[in-house]
Each structure stands twice: as structure tokens, then as C-alpha cells.
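Protein chains in written order, with the working numbering: chain A, 30 to 76; chain B, 73 to 420. What follows is a single structure, written as C-alpha cells, with notes after it.
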Amino acid sequence: MRRAHRNAHRMLWPALAVLVGLALAMSLVMRAPPPAAPPPPAAEGQR
Amino acid sequence: MSVGFKAVQWNREKYIYDAILLAGVTLYVVAFIAISHRIEPPKDLPEAIDVRIRAFGTCAFFMLTIILSIGPLARLNPWFRKLLFNRRHFGVLTFIIALLHAWFMIEWYEAQGSLPSLLTELTKWSDYGKFIGFPFKVIGFAALLILFLLAATSHDFWLSFLSPPVWKWLHMALYVAYGLVVLHVALGIMQYDSNPLIPIMLAASFALVAVLHVVAGWRERGMDRGTPTGGDGWIAAGAPGAIPDKGAVIVVAPGGERIAVFRDGTEIGALTNLCSHQNGPLGEGRIIDGCITCPWHGWQYRLSDGCAPPPFTEKLATYPVRIRNGVVEVDPRPLPPGTPATIHLPAP
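Given below as C-alpha cells:
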């Protein structure tokens, strides 16, 4: 590889890691919570 | 090399490489589908197609992760160079697997008679302003387009037509494609499937690739600053005995480009570190059958003048060398490609 390619690698990968890492973290934080489990059936005596 | 272009230059190693690739892909896809069917048998055709979408999608993602790891791994440890020489077939196969992933997605819509809803999904412009809810299929399509472009230009014809530096710039678009694939998964299946394995595998794969590239790049940073030169501009490469026989040491010209100083017995010569094929690191190669052999794809050049042996016609720039005070020195001003410039050590 030429020096210019190596320099581009050194610039590009940290930038890509930050951008994609940030987007990945945001998509994890902002994703909808899993549907809540159905409530346990009520006991007979409580009806 | 330069004698005509053939569709694929096959050899035994490539057959073995490709056979292992195909066997690995087949095994992965078959195992994925079989295990998925065992855990949760599909109730109808769309569910069965959905399993295929996931099988081929994850397969393409893991293949991309491996492809992008090979380059920095080969720079960190020479053992991995053996995976470099046929990486193009790996890349083309990855494009085919990704294409099948997209094809099954279209089939999924078709099986439900809702193909027009795919178009509606892609043209719902208000969704393009959202983060969660962004049409993730468009991101996947953009990545697929890049993979197509790279697969289509992977042949040596395009390498020669575009020139190695331009071809390399073009093929660095693979990094962008990988980032898009990560986002495609993060904004797609990861939003609808709460399986914790999805974010774990996604983040771990991307982190592995990113860390490998960053570490490999920064380790070479010091070398790119250049090798100190003497008063007359010549660069010291070390004592003749410090240059491994049939191997090289690499020095750096003031402009930052690298020069490989080879020794073959008593003959010492310097030439550009850039192979004329893909700009591979010649100085990390060896002298085999009397010729300097590039570690990436085996292209060969004579030490004496930097010319490829007949019938090939490639020529590399050579550099004047001398021995002063028992040290091999290189003049960093290149000679015209193919100029004889080696020196001979006195016989012991």
C-alpha cells in the first residue's frame, strides 16, 4: 500500500468506529422494550 | 500477470481455498436453517423464507467480518498472509450470498402477495427523517450496491485499467459498506427481535474489525515518519549481514514511500516496496527461484533490475545502493523502472 492509503486507513477507521459505534449504541438504547409478560392468573379466592 | 487477461487464473491453491469457502458457507446455511426449524418450525411459507433471509444475511455479515479482518491480521502476523491471496473470491462469494439474502426478502413479500407494500415502505418519505424507523432496507440496498461494484471490478482487468492506487481507493469503499451493514442490522432486525445475541454478535464483530484496523494502522505510524538520512541524503539500511539472506529490510524515503533492500547471497539491491500488481509489500516477501516474490499474490521480479522474468513485462523502480563504513546505504532517489542497480559484496 502507498503512504496515502495507509494515512487514509488511519484516519478512516477511528472515524468509522466512532460513528457506527454511536449509531449502534443509540439504536440499542432507543429500541422498543420487549412486550411485557402477561400477568399471572389471579388466585381463585381473590375473585 | 501482464500476458493477456484470463477470466480466472486457477491453480491448486485456489481450488482448495474456494472449496473450503463453499463448504463453510454451505455448512453454515444448512446448519442455520436446520437448527431454526428444529427450535421453532415455520408455520407457513413466509416464515420458512424468513429463516432463509436470516441464514444468508448472517452468513454475508460474518463473511464480511472475516474479509475485513484478514488485511490487518496479515499486517500484524505474517501467518495470516496465506488468507490474502484469494481474498477476491471470498469477496465475490460474499456479494452472491448478500444478493441471495435480498432475493429471499423479495420472495417473502411475493409469497404474501404484498410486493407493492415493499415499494410503499421504501417511498414513505416521512420515515427518512426518523432514526428508529428509518427504512433500513435502503441501507442494506446501498451496501449491496457497493458490494456489486467491488465484485464487478475485482478482476485484474479493472486493476490494470484503473491502476493499482485508484483500484485500491475504490475497494476501500468496502469499509463504508460494512458500516452500512451494521446499521442495516441495528435499525432492522435488532429493533424487532429481542434476542440478545443479535446486538452482542453485531457489536463484537464490528469492534473486532475496528480494533484490528486501528491497531494495525497505528503500529506502522512510526515507520511512515521516515528513516533518518545521512548528510548526502543516503539512507542507512544496516550491515549486509543484518539483511536476511533471500529476504529484505525496509527503509523509508523522505516522502514516506517504502524501499525494500534485498540480499541474495552476496548480491544486494534496492527497489520500491510496491508490487506493480496491487501495491503489495514486496519487502515482506522472499527471493524464490532467484526472483523477489510478492507475499500477496506471488508476482515475481528480478533483484538485479526490478524486471519481471520473461514473458512478463512489469518493471519496478530500483535505487542505487552502496556500502560505506560497513553499512549498506540507499539513495532514495528512484532510478527509471528496470534499471540494473545491484552491488556485489566481496567474496568472504
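By construction, the Cβ of each residue, glycine as well, lies at the ideal position given by its N, Cα and C atoms. Since this is a predicted model, take the numbers as computed values, not measurements.
Exercise for review: Give a yes or no on whether the C-beta atoms belonging to B:Q372 and B:C363 are separated by under 7 Å.
Suggested key: yes
Practice item. Within the same chain, show all residues whose beta-carbon is closer than 7 Å to that of B:M73, passing over the 5 residues directly before and after it, in chain order. Key: Because B:M73 sits at a pLDDT of 47, beneath the cut-off of 50, its placement in the model cannot be relied upon, and the point is left open.
Review point. Taking C-beta to C-beta, are B:D361 and B:R335 nearer than 7 Å?
Key: In this structure, B:D361 sits away from B:R335, with a CB-CB distance that is not shorter than 7 Å.
Review point. Given that B:I204 touches chain A, what residues does it touch there, using C-beta distances under 9 Å?
Key: M55, S56, M59, R60, A61
Exercise for review: Taking B:E329 and B:H416 to be in contact with their CB atoms under 8 Å, please state how far apart those CB atoms are, rounded to whole angstroms.
Suggested key: Going by Cβ atoms, the distance from B:E329 to B:H416 rounds to 26 Å, so no, they are not a contact pair.
**Study point:** Closest residue to B:L145 among B:G313, B:A288, B:K115, B:N351 (Cα-Cα distance)
**Key:** B:A288
Review point. Between which two residues does the alpha helix (DSSP H) containing A:A54 stretch?
Key: Residues 32-58.
Exercise for review: Mind checking who B:V323 pairs with in its DSSP beta bridge?
Suggested key: B:I331
Review point. In its own chain, which residues sit with a C-beta less than 8 Å from the C-beta of B:I121, not counting the 5 before and 5 after it?
Key: F176, E179, W180, A183
**Study point:** Per DSSP, cross-strand counterpart(s) of B:E401
**Key:** Beta-bridge pairing by DSSP links B:E401 to B:A308, B:R394.
Review point. Chain A beta carbons: is any one of them nearer than 7 Å to that of B:L354?
Key: no
**Study point:** Sequence-distant residues of the same chain with beta carbon closer than 8 Å to B:F152, five excluded per side
**Key:** I142, L145, A146
Review point. Does any CB atom of chain B fall closer than 7 Å to the CB of A:A44?
Key: no
Check your understanding: Interface residues of chain B around A:L41 at Cβ under 8 Å?
Key -> M244, Y247
Check your understanding: Can the beta-carbon of A:H34 be found closer than 7 Å to that of B:K240?
Key -> Yes.
Practice item. Alpha carbon to alpha carbon, how far is A:L48 from A:L41? Give it in angstroms, no decimals. Key: 11 Å
Review point. Are the beta-carbon atoms belonging to B:S440 and B:T137 less than 7 Å from one another?
Key: There is no way to answer for residue 440 of chain B, as the model of chain B reaches only from 73 to 420.
Practice item. Establish whether the CB of A:V49 and some CB of chain B are separated by less than 7 Å. Key: Chain B has a Cβ within less than 7 Å of the Cβ of A:V49.
**Study point:** Simplified DSSP assignment, three categories, for B:D377
**Key:** If DSSP states are grouped into helix, strand and coil, B:D377 belongs with coil.
Review point. In chain order, which continuous runs of the alpha helix (DSSP H) of length 4 or greater are located wholly inside the stretch 106-135 of chain B?
Key: DSSP runs (the alpha helix (DSSP H)) wholly in the stretch 106-135 of chain B: none.
Check your understanding: Could you give the distance in angstroms between the alpha-carbon of B:L217 and the alpha-carbon of B:I107?
Key -> 31 Å
Exercise for review: Write down every uninterrupted run of the beta strand (DSSP E) in the stretch 196-265 of chain B whose length is 3 residues or greater and which is fully enclosed by it, in chain order.
Suggested key: none
Check your understanding: B:P237 versus chain A: which residues are under 8 Å apart at the beta carbon?
Key -> Going along chain A in sequence order, the residues near B:P237 (Cβ under 8 Å) are R31, A33, H34.
Practice item. Would you mind telling me which residues of chain A sit closer than 7 Å to B:P50, beta carbon to beta carbon, in chain order? Key: Look at the range of chain B in this structure, 73 to 420, and you will see that residue 50 of chain B is not part of it.
Point to revise | Strand pairing of B:P353, partner residues [DSSP] | key: DSSP output for B:P353 lists B:L346 as bridge partner(s).
Check your understanding: In chain A, which residues lie less than 8 Å from B:R296 when you measure between Cβ atoms?
Key -> As written in the sequence, residue 296 of chain B is Asp, which differs from the Arg given in the question. Those are R32, R35, N36, listed as they occur along chain A.
**Study point:** Candidates A:M30, A:R39, A:R31, of which the one nearest B:R293 by Cα
**Key:** A:R39
Exercise for review: Determine the direct distance from the alpha carbon of B:H161 to that of B:W368, and round the result to whole angstroms.
Suggested key: 14 Å
Practice item. Compute the Euclidean distance between the alpha carbons of B:E193 and B:Y200, then round it to the nearest angstrom. Key: 11 Å
Practice item. Alpha carbon to alpha carbon, how far is B:A174 from B:I211? Give it in angstroms, no decimals. Key: 12 Å
Review point. Got a sec: is the Cβ-Cβ distance from B:A214 to anything in chain A below 7 Å?
Key: no
Exercise for review: Would you verify that the beta carbon of B:P146 is, or is not, closer than 7 Å to some beta carbon of chain A?
Suggested key: The residue asked about is misnamed: residue 146 of chain B is Ala in this sequence, not Pro. So, not an interface residue.
Check your understanding: How many angstroms separate the CA atom of B:D403 from the CA atom of B:I315?
Key -> Using only the alpha carbons, I get a separation of about 17 Å.
**Study point:** C-alpha gap between B:P409 and B:P237, whole angstroms
**Key:** 17 Å
Point to revise | Nearest residue (CA-CA) to B:A320, options B:L375, B:L222, B:F229 | key: For B:A320, the nearest C-alpha among the options comes from B:L375.
Review point. Excluding five sequence neighbours on each side, which residues of the same chain lie with their C-beta closer than 6 Å to the C-beta of B:L284?
Key: S141, P144
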